[in-house]
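Chemist:
Number of protein chains: 2
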Amino acid sequence: MTSVTTDPADGFSRLAPQTGTHVRLAPGDVLTLLDPTGVQVSDLYCVSADDVAERLSSGRSIDFENTISFTTGSRLWSNRSRPMMTVVEDTCGSHDFLLTPCSQQTFDILYPDLEGAEHPSCFANLVGALEPHGVRRDDIGTTLNVFMNVWPDESGELHIDPPKSVAGDRFSVRAEMDLHVGITACSAEKSNGGVCKPIDWQVTRAGS
Amino acid sequence: MTSVTTDPADGFSRLAPQTGTHVRLAPGDVLTLLDPTGVQVSDLYCVSADDVAERLSSGRSIDFENTISFTTGSRLWSNRSRPMMTVVEDTCGSHDFLLTPCSQQTFDILYPDLEGAEHPSCFANLVGALEPHGVRRDDIGTTLNVFMNVWPDESGELHIDPPKSVAGDRFSVRAEMDLHVGITACSAEKSNGGVCKPIDWQVTRAGS
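Taken in sequence, the protein lines are chains A and B. The first sequence maps to residues 0 to 207 in numbering that gives the first Met the number 0. The second sequence maps to residues 0 to 207 in numbering that gives the first Met the number 0.
(1) By the criterion of Cβ-Cβ separation under 9 Å, what are the contact partners of Ala52(A) in chain B?
(2) Which residues does DSSP list as the beta-bridge partners of Asn148(A)?
(3) Would Leu125(B) pass as an interface residue toward chain A - the criterion being a Cβ-Cβ separation below 8 Å?
(4) Going along chain B, which residues have a C-beta under 9 Å from Thr66(A)?
(5) Just to check my reading of the structure: Ser120(B) and Cys101(B) have Cβ atoms closer than 8 Å, yes? What is that Cβ distance to the nearest angstrom?
(6) Suppose you measure from the CA of Asp34(B) to the CA of Thr203(B); what does that come to, to the nearest Å?
(7) Just to confirm the assignment, what range does the beta strand (DSSP E) spanning Ser57(A) have?
(8) Skipping 5 residues on each side, what residues in its chain have a beta carbon closer than 7 Å to that of Ala128(B)?
(9) Does chain B have any CB closer than 8 Å to the CB of Met0(A)?
(10) Taking only three categories from DSSP, how would you classify Pro26(A)?
(11) Is the distance from the Cβ of Asp168(A) to the Cβ of Arg13(A) below 8 Å?
(12) Check Pro131(B) in the structure and name its three-state DSSP category.
(13) Pick helix, strand or coil for Ala174(A), following the three-state DSSP scheme.
(14) For Met0(B), collect the residues of the same chain with a Cβ closer than 6 Å to its Cβ; drop the 5 residues on either side in sequence, then sort them by chain order.
(15) Just the chain B side, please: which residues come within less than 9 Å of Leu97(A) by C-beta, in chain order?
(16) Strictly below 9 Å CB to CB, what residues from chain A border Thr105(B)?
(17) Quick one: does Ile182(B) have its CB under 8 Å from some CB of chain A?
(18) Considering just the uninterrupted stretch of the beta strand (DSSP E) at Gln201(B), what are its terminal residues?
(19) Would you be able to state if there are at least three C-beta pairs under 8 Å between the segment 43–59 of chain B and the segment 154–168 of chain B?
(20) Hey, Thr31(B) and Leu125(B): beta-carbon distance below 8 Å or not?
(21) Quick one: give me the first and last residue of the beta strand (DSSP E) that Thr85(B) is part of.
(22) How many whole angstroms separate the CB atoms of Glu88(B) and Thr71(B), which I take to be in contact at a CB cut-off of 8 Å?
(23) Which residues in the same chain have their Cβ closer than 8 Å to the Cβ of Phe63(B), if we skip the five residues on either side of it in sequence?
(24) In whole angstroms, what separates the C-alpha of Phe96(B) from that of Gly140(B)?
(25) Does the Cβ-Cβ distance between Val165(A) and Gly37(A) come in under 8 Å?
(26) Pull up the DSSP beta-bridge partners for Ser47(B), would you.
(27) Taking all protein chains shown into account, do 16 or more other C-beta atoms lie within 10 angstroms of the C-beta of Leu98(A), making it buried, or fewer, making it exposed?
(28) Mind listing the chain B neighbours of Leu109(A)? Cutoff is C-beta to C-beta under 9 Å, in chain order.
(29) Where DSSP assigns a beta bridge to His21(A), which residues make up the other side?
(30) Per DSSP, Thr31(A) forms a beta bridge with which residues?
(31) Tell me which same chain residues have a C-beta within less than 7 Å of the C-beta of Asp138(A), skipping the five on either side of it?
(32) For Leu113(A), which residues from the same chain have a beta carbon less than 6 Å from its beta carbon, with the 5 sequence-adjacent residues on both sides left out?
(33) If we count the other Cβ atoms within 10 Å of its Cβ and call it buried at 16 or more, is Ala174(B) buried or exposed?
(34) State yes or no: is the beta carbon of Thr141(B) nearer than 8 Å to at least one beta carbon in chain A?
Structure (structure tokens):
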């Protein structure tokens, strides 16, 4: 692990390793996720603040953007086929939009060496961030997994490699509607080069 | 288009082009989808009959099966990380689990030459099949698009080619819990070699 000896850059807040938070965005606000160490994933999920039943849809986003590689210019669409966010900055270029957030069951099912021990997870952190705003845990679906390095080979098999992000890499999204957003510093050691590290984040308000 | 002059095979029912239906499955029941003409997609979605908030999750299925290529032996998982179905037969080997079903917005957004005209869609057909059983339209997410030929190239861009299915190809799933299932004969001309055709289906009850 790269040690994190510095404070977050000016204007940024820091998510401790294996935590998450809620962010409220108005249209035009820009949320920036910054990897302070490199090799660290941040999961992102969002719902409409006007009606939380309208929520991020990987399937519609992949369909309308015609790609599984989301980067600057890509829009993130809702289950009602409306743009929720637009990616406005991406210094890394490698993210995942195929997988649900890591959950207790991820660790139970995919990491049997953990023997079912309770483990922090992005899912639990997103529930903690979004449930107070009326989002049902059943409705937290596939997340945009920023900096996560997932690729299918020709057979369709998935490979989850260490993130390509380096210290200081940034990924910014502009809100296209009023949103409740949940973000995390991902809790799965194996997706983060072996060690879970922090994530820094900042909101630039529209017009500021 | 291959003309469909024959009736469905013994024991099969036929979905007319651009239609869908509801199927109720008990654990162990096997649902077979058969392409009577070749080059035709059938979208499949399911929810738990005990609690319709538990529903098919492409993201958890892709995660737990570690693939985007679902075939014999693959399990389809719920948003609560439980197996809903297991694929028990697949004579085609080419299906999609990335995209949401075609919807009116698919045609509005991706096919502007249609000028917003009302168009049959898998989404509307799945709403018709599942809403009477308590499923909210917002909760019909990414479908398993049986026989749909979707592949990402190295850049991540998606390619939607004519289905590889030939007349008589079969895809069968065994229910692992009590399920409400929606199935369609896909309504999107461009995903089906230019012409929307029927789909045949059959349920073999457990123990029969």
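Glycine included, every Cβ here is placed at the ideal spot set by N, Cα and C.
Modeler: In short:
(1) Arg135, Asp137, Asp138
(2) Asp160(A)
(3) no
(4) Pro151, Ser154, Gly155, Glu156, Leu157
(5) 5 Å
(6) 17 Å
(7) Unbroken run through Ser57(A) is the alpha helix (DSSP H), 57–64; no beta strand (DSSP E).
(8) Gly19, Thr20, His21, Gly181
(9) For Met0(A), the predicted model reports a pLDDT of 44, less than 50, meaning its position is unreliable and no value from the coordinates is stated.
(10) coil
(11) no
(12) helix
(13) strand
(14) Note that Met0(B) has pLDDT 44, beneath the 50 cutoff, so the model's placement of it is unreliable and the number below is only indicative. Once the five neighbours on either side are set aside, the close Cβ partners of Met0(B) are Val194.
(15) Ser57, Gly58, Ile61, Asp62, Ile67, Leu97
(16) Arg59, Asp62, Phe63, Ser80
(17) no
(18) 198–203
(19) no
(20) no
(21) 82–89
(22) 6 Å
(23) Arg74, Trp76, Ser80
(24) 11 Å
(25) yes
(26) Leu178(B)
(27) buried
(28) Asp62, Phe63, Asn65
(29) Gly181(A)
(30) Ser171(A), Gln201(A)
(31) Arg54
(32) Phe106
(33) buried
(34) yes
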